[in-house]
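Q: Residue numbers (this note's numbering): 2 to 83. Yeah, the Cβ is synthetic: ideal placement off N, Cα and C, and Gly gets one too. What you are looking at is a predicted structure, and each value in this text was computed from that prediction instead of being measured.
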Ligand code: HEM
């Protein structure tokens with residue numbers, strides 16, 4: 002698999018996990034404020050999902066940053082050029 006495909010797979014996985022994290026965050030806020038389950042999930046169930054998705058997303062971000070590091074360095078050079 003070439004690097005562009007690897008980047009695309011990683012970024013898409015990151016996007017999917019991010020949508021999951023967003024959903025759980027809204028759910029935790031909802032259950033905290035309203036006190037009812039969010040789409041059938043209690044606050045402790047949402048916390049369990051968050052405790053899985055959070056570390057998965059952090060690991061994906063580290064790999065994502067690693068494969069995009071060269072691109073980022075080139076951008077910084079342009080940004081800091083006098
Ligand atoms: C929802 C989470 C994220 C998504 C969906 C996402 C998606 C993308 C996409 C599509 C690219 C273009 C290159 C590629 O496909 O790999 C990219 C580039 C990049 N991403 Fe992300 N990204 C996310 C989060 C992050 C985070 C949290 C960081 C930093 C810690 C980061 C750092 C970078 C860097 C340094 C690049 C290289 C290009 C640039 O600097 O703009 N990304 N990202």
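1) Could you work out which residue in 63, 71, 82 and 53 is closest to residue 12 when comparing CA atoms only?
2) In chain order, what residues of the same chain lie with their CB nearer than 7 Å to the CB of residue 39, ignoring the 5 residues before and after it?
3) Please tell me whether, using a cut-off of 7 Å, the distance from the CB of residue 79 to the nearest non-hydrogen atom of the ligand HEM is below it.
4) Whole angstroms are fine: how far does the CA of residue 72 sit from the CA of residue 50?
5) Could you check which residue in 42, 78 and 69 has the C-alpha nearest to that of residue 5?
6) Buried or exposed: residue 25, going by 16 or more other Cβ atoms within 10 Å of its Cβ?
7) If you follow the alpha helix (DSSP H) that residue 65 is part of, which residue opens it and which one closes it?
8) Let's see if you can read the secondary structure: which residues bound the alpha helix (DSSP H) around residue 16?
A: Let me lay it out:
1) 63
2) 28, 31, 32 and 47
3) no
4) 33 Å
5) 69
6) buried
7) 44 to 68
8) 4 to 35
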